[in-house]
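Residue numbers (the numbering used here): 88 to 358.
Following this line, the structure appears as structure tokens:
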């Protein structure tokens, strides 16, 4: 794995040249248009990057974008990889390893999620304050490489409190509604049953999705600061009878894009 990380990072350094970004952004379902706010773009399709898998999910473009946001160098991952696509956890999280090798120290992650917090409405944007990992495999399982991080990394603060405070400040300045909550990570690809939504709520979850947690674990293993944000694209529970679809999730995510873009863009500039 170390050789693959090195090979991929070296390819990207050669392909891009110049200063490597310290900030990376992973864009989830329906949120890929944030790249429109990146200037001086260099687009590298995943298919051209050594050792990179290719996203198979509708709404995930499959490009690595290098450029600047508010004058600050960034990498944006337009489309991520999911466990439910059949990839193992080391493949799902491989891009985060490459980001670390390139010198990234701050990771922004976004996703579409189903809400079970009774105060949420479709279209809300939730800052992730913590998560519950219900994936059957941990991305750190197996041989540990000290070059990448410690054998037993702490997860006391998976989402950086200073970045959360910055998001709150930006939202207040711009008059944007911003919720907080705990994200539950599950395998998918099925949407949850009403009983599962209730279970996730009872154990402390506010929103549930099929990504993010593995990437955050690997980022923290590498001592990166992490900020996570979820767009509430549907609601679930014993009193909810609506049947969600992937297309509806995408549409709800698109409606929330202006809020996500305004917050993340300003945070990238300030952090």
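Using N, Cα and C, we set each Cβ at its ideal position, and we do this for glycine too.
Bear in mind that the values here come from a model prediction, so they are computed numbers and not experimental data.
Endpoints, alpha helix (DSSP H) assigned at residue i
i, result
"residue 266", "Unbroken run through residue 266 is the beta strand (DSSP E), 266 to 272; no alpha helix (DSSP H)."
"residue 186", "181 to 189"
"residue 243", "From DSSP, residue 243 is part of no alpha helix (DSSP H); its letter is neither H nor E."
"residue 237", "Residue 237 -> no alpha helix (DSSP H), and no H or E assigned at all."
"residue 103", "89 to 103"
"residue 287", "281 to 289"
Expected contact under 8 Å - CB spacing of residue i and residue j to nearest Å
i, j, result
"residue 114", "residue 131", "Actually they are not in contact, since the Cβ atoms of residue 114 and residue 131 sit about 15 Å apart, beyond 8 Å."
"residue 200", "residue 317", "4 Å"
"residue 127", "residue 110", "So it is not a contact: roughly 15 Å between Cβ atoms."
"residue 319", "residue 185", "About 30 Å separates the two Cβ atoms, so there is no contact after all."
"residue 191", "residue 108", "6 Å"
"residue 351", "residue 121", "6 Å"
Beta strand (DSSP E) segment containing residue i, residue limits
i, result
"residue 218", "212 to 220"
"residue 195", "193 to 202"
"residue 115", "Note, residue 115: premise wrong, no beta strand (DSSP E); not H, not E."
"residue 296", "294 to 296"
DSSP three-state assignment for residue i, whether helix, strand or coil
i, result
"residue 109", "coil"
"residue 307", "helix"
"residue 261", "helix"
"residue 159", "strand"
"residue 347", "helix"
"residue 146", "Only weak support exists for where residue 146 lies, its pLDDT of 49 falling under 50; the coordinates are left without a value."
"residue 313", "strand"
"residue 132", "strand"
"residue 152", "strand"
"residue 126", "strand"
"residue 320", "strand"
8 Å Cβ cutoff met for residue i and residue j
i, j, result
"residue 304", "residue 226", "yes"
"residue 96", "residue 188", "yes"
"residue 355", "residue 247", "no"
"residue 64", "residue 296", "The structure shown does not extend to residue 64, since the chain is modelled only from 88 to 358, so the question has no answer here."
"residue 182", "residue 217", "no"
"residue 196", "residue 299", "yes"
"residue 277", "residue 221", "no"
"residue 173", "residue 149", "no"
"residue 215", "residue 270", "yes"
"residue 321", "residue 340", "no"
"residue 258", "residue 202", "no"
"residue 89", "residue 302", "no"
Min CB distance residue i to chain D below 8 Å
i, result
"residue 300", "Looking for chain D here will not work: only one protein chain is present."
Fill in: Contact between the segment 257 to 264 and the segment 153 to 173 (3+ Cβ pairs under 8 Å)
No contact exists between the segment 257 to 264 and the segment 153 to 173.
Discussion item. Taking 8 Å as the cut-off, does the segment 277 to 295 touch the segment 245 to 262 (at least 3 CB pairs, one atom from each stretch)?
Written reply: No, the segment 245 to 262 is not in contact with the segment 277 to 295.
Discussion item. Could you check whether the segment 333 to 349 touches the segment 217 to 235, counting it as contact only if at least three pairs of C-beta atoms, one from each stretch, sit closer than 8 Å?
Written reply: By the Cβ criterion, the segment 333 to 349 is not in contact with the segment 217 to 235, since fewer than three pairs of Cβ atoms, one from each stretch, lie closer than 8 Å.
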